[in-house]
Every structure is written in C-alpha cells, then in structure tokens.
Ligand SMILES: NC(=O)c1ccc[n+]([C@@H]2O[C@H](COP(=O)([O-])OP(=O)(O)OC[C@H]3O[C@@H](n4cnc5c(N)ncnc54)[C@H](OP(=O)(O)O)[C@@H]3O)[C@@H](O)[C@H]2O)c1
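Residue numbers (this note's numbering): 76 to 394.
Next comes the structure, spelled out in structure tokens:
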C-alpha cells in the first residue's frame with residue numbers, strides 16, 4: 076500500500092510504499108483510511124520526541140483516523156501502538172479502540188476534531204470529579220484543543236470559563252466561542268501574573284496546554300491570590316506548548332490545596348479514553364465542536380508537513 080513513511084526522525088514523512096498491515100486477532104479489522112489528521116501529537120510521534128516513541132524506523136505516523144470497513148461501516152479509530160499509524164491507504168483497527176459513526180458523518184470533520192477535543196473531554200471526565208458550576212481556566216486557549224476545551228467545559232457543566240492565551244487576534248475571538256473572560260499572556264511576568272490573579276484566582280480546575288515558564292509563573296500567581304487557599308484546585312497538565320519542564324517551589328504545595336496531575340495516554344487507560352469517545356463523537360458529528368479541516372491528499376504528505384495553518388484549522392490527510 077501507499078503511506079506517509081518516516082525514514083529518518085529529522086525529515087518529514089515521504090509518500091512511499093509500505094507493507095500492508097494484516098489483522099492479528101479476532102478484534103482486528105482492516106479499514107480503508109478516509110481521513111487522518113496532522114495533530115501536534117502526530118508531529119511529535121513522527122520526529123521521535125513523544126514520550127511514547129519507541130524509536131523504530133521506518134514508521135507510518137498518525138494516531139487516529141476515520142475509515143471504512145469492507146462491510147461499509149464508518150469508524151473513528153485510535154491507532155494501535157506499533158509502527159504502522161493511520162496516514163496510509165489502509166490500517167488495522169482494533170474494534171475495542173473504535174467508535175461507529177453515522178453513515179452521513181463527515182470523515183474529515185471528525186478526524187480534525189476528535190484528538191483536540193478528547194484532550195479536555197477526557198481530562199474533565201476522567202481526571203477530576205467535575206462538579207456542575209465549577210470554574211475553569213484554560214491556559215493556552217488559542218489553539219484547536221484550547222478552543223474546544225472552552226466549549227467542552229461549558230457542555231460538561233462549567234459555571235465560568237476563563238481563557239488565557241498569547242495571540243491577541245485569536246484571544247479577541249474567544250468570548251464568541253464561550254469564554255466569560257479572556258486573559259492576555261503577553262507582557263512582563265508581573266503584568267501577566269497580575270491579570271491571572273485578578274481573573275482566575277478562584278477557579279476549581281486548570282486545563283493546562285502550555286507548561287514551561289508560563290505555568291511556572293501562573294501557579295504562584297493563582298495560588299497566592301486565592302480567597303480561600305484550602306479550596307481544592309485541580310491543575311491538569313495536558314500539553315506543553317510553552318515548555319516541557321518547570322521549577323516548582325515546594326511551598327506552593329503547602330500553601331494551597333493544589334492537586335497537580337496530567338491527562339493523556341498512560342495516566343488514563345486506553346479503555347477509559349475509548350469509553351469517552353462515543354459521546355465526544357456525537358457532539359462533533361452534530362456540529363457543536365467545530366474545527367476547520369484543511370484537507371490535503373495523502374500523496375502530498377510532505378507539503379502537508381510544511382503547510383502553516385490559520386486559527387482553528389487542522390490539516391487532514393485524505394485519499
Ligand atoms: N494529553 C492529551 O490528551 C492531548 C490531546 C490532544 C492534544 N494535546 C496537546 O495539547 C497541545 C495543544 O494542541 P492543539 O491541537 O491545540 O495544537 P494547536 O492547534 O497547534 O495550538 C497550539 C496553540 O498553542 C499556542 N502556544 C504555543 N506556544 C505558546 C506560548 N508560549 N504561550 C501561549 N500560547 C502558546 C499557540 O498560540 P499562538 O496563537 O499564540 O501561536 C497555538 O494556538 C499540544 O501540546 C498537544 O500535544 C494533548
């Protein structure tokens with residue numbers, strides 16, 4: 076079959092031939108892949124930097140996709156944990172990692188939105204007892220996952236959503252997408268800390284797409300300004316757009332009721348992630364959680380890798 080093939084972690088995948096995968100057990104079926112999106116997670120898998128990367132080459136990137144079985148069933152599926160991902164003409168699907176879609180679902184729209192959508196959906200549903208009316212801060216709200224996180228928090232019952240981000244134009248668009256308040260992360264560390272303290276000191280949950288120096292400054296700003304420091308605050312680390320590390324002063328864990336945790340592959344089992352997907356897929360196919368797909372033919376995967384996307388857009392490789 077033809078696929079996007081990574082031969083070296085330093086270079087984009089090439090459109091090339093690759094051995095067609097075959098089902099290995101009773102739960103596995105082959106699908107024709109209709110759409111597979113180029114998420115940040117796919118890039119980190121393809122350049123070998125993701126924490127789950129085993130380092131084996133050549134490999135086919137792609138962590139999820141929409142495909143059609145020989146019987147004509149339309150499935151959203153999460154890739155198996157091996158070197159053959161979803162950016163290929165065919166993929167083997169473990170039905171325990173798949174969600175049936177309505178026959179009229181748009182494969183490209185579903186492929187674009189499921190991964191960014193599940194980041195907050197799974198975090199709120201599986202890593203916290205999310206109470207109706209809870210207040211949420213989305214740290215890094217201008218990306219696809221951050222924008223969907225605002226809508227998903229609201230859908231799951233949030234009482235107030237504060238959106239913090241860097242890009243002024245994208246930030247200005249967030250109130251129309253469901254943010255009660257926006258906080259700019261531009262300016263001196265003191266200015267940013269002051270804004271976060273004023274707008275988000277009393278939130279119950281932080282969904283953090285940034286980490287690094289942004290989180291290093293946001294943590295003390297919020298914790299110090301809390302009206303009641305014994306009020307629980309769950310800080311859920313989901314992405315690391317601003318950095319993979321931070322320095323955490325020990326006093327922060329003593330001075331407030333902070334629970335610091337992450338959400339992703341490993342901290343949530345695959346079975347628990349997949350259990351959340353039918354409800355998420357239903358919202359996406361009904362159009363309430365939009366991401367604008369930019370379809371690119373699989374054969375042009377190298378171009379796809381080097382194409383910049385605009386606000387709210389996601390490249391999706393299609394047949
Ligand atoms: N754990 C999970 O389950 C899970 C699932 C899906 C995604 N993720 C992670 O979530 C993160 C976001 O994914 P995505 O799909 O939303 O990516 P995306 O659409 O590419 O958006 C990333 C956003 O991050 C912003 N950003 C980058 N550096 C920043 C900084 N220093 N300060 C503030 N904003 C910054 C960019 O904002 P500008 O507009 O300012 O450039 C951009 O809008 C990635 O790290 C991804 O791996 C995690």
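Yeah, the Cβ is synthetic: ideal placement off N, Cα and C, and Gly gets one too.
- Assignment of residue 292 by DSSP, reduced to helix, strand and coil, places it in the helix class.
- Under the criterion of beta carbons closer than 8 Å, residue 280 and residue 180 do not qualify as touching, at roughly 30 Å.
- For residue 249, the three-state secondary structure derived from DSSP is coil.
- In this chain, the alpha helix (DSSP H) harbouring residue 182 covers 182-201.
- By the criterion of at least three beta-carbon pairs nearer than 8 Å, the segment 355-364 is not in contact with the segment 324-335.
- Rounded to the nearest whole angstrom, the CA to CA distance from residue 102 to residue 175 is 14 Å.
- Taking C-beta atoms as the reference points, residue 93 and residue 80 count as a pair closer than 8 Å.
- For residue 384, the secondary structure class from DSSP, reduced to helix, strand or coil, is coil.
- For residue 261, the CB contacts under 8 Å within the same chain, skipping 5 residues up- and downstream, are 241, 243 and 267 in chain order.
- Note on the segment 101-179: whole beta strand (DSSP E) runs with a minimum of 3 residues are 103-112, 139-144, 149-153, 165-169 and 173-175, in chain order.
- The C-beta of residue 139 has 16 or more other C-beta atoms within 10 Å across all chains shown, which makes the residue buried.
- Residues of the same chain with a CB within less than 6 Å of the CB of residue 195, apart from the 5 flanking positions on each side, are 224, 227 and 282 in chain order.
- In the displayed model, residue 255 falls within coil according to three-state DSSP, outside both helix and strand.
- Note on the segment 307-362: whole beta strand (DSSP E) runs with a minimum of 3 residues are 308-312 and 333-337, in chain order.
- Distance from the CA atom of residue 257 to the CA atom of residue 237, rounded to whole angstroms, is 6 Å.
- Following the DSSP letters along the chain, one finds residue 370 inside the beta strand (DSSP E) bounded by residues 367-372.
- The beta carbons of residue 300 and residue 272 sit closer together than 8 Å.
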